[in-house]
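Numbering (the numbering used here), first residue to last: 1020 to 1116.
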């Protein structure tokens, strides 16, 4: 159970970091210098968040099936919330603009 808790805390930290980055970019909208277009930057952040969730799992993977299911459900919920909130709800479908 301790291993699951550590993995969920790391997953939440990645979720929080990604969202704080996007909040910072959103609050400085007029003055922010994007290294690339906002659509590309957000896409890169979404992909990085998913890769981090996968890496957190595969470093000392969970052995009990119940804890694996709990980890994947919660971590993928973090990724989905970030994707739908920033990629669709806040700025609309950024890839079609």
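C-beta atoms are modelled at their ideal positions from N, C-alpha and C, and glycine is treated no differently.
Because the structure is a prediction, the values reported are computed rather than measured.
I'd like to know whether the C-beta atoms of residue i and residue j end up nearer to each other than 7 Å.
i	j	result
residue 1024	residue 1094	no
residue 1105	residue 1041	yes
residue 1033	residue 1068	yes
residue 1037	residue 1086	no
In whole angstroms, give me the CA-to-CA distance for residue i and residue j.
i	j	result
residue 1090	residue 1026	8 Å
residue 1108	residue 1074	27 Å
residue 1060	residue 1099	17 Å
residue 1022	residue 1096	19 Å
residue 1078	residue 1057	31 Å
residue 1103	residue 1043	18 Å
residue 1039	residue 1083	32 Å
residue 1046	residue 1080	38 Å
residue 1028	residue 1088	16 Å
May I ask you to report which of helix, strand or coil DSSP gives residue i?
i	result
residue 1081	coil
residue 1056	coil
State yes or no: is the beta carbon of residue i nearer than 7 Å to at least one beta carbon in chain C?
i	result
residue 1063	Absence of chain C from the displayed structure is noted, only one protein chain being present.
Count the other CB atoms, across all protein chains shown, that sit within 10 Å of the CB of residue i; report buried if there are 16 or more and exposed otherwise.
i	result
residue 1071	buried
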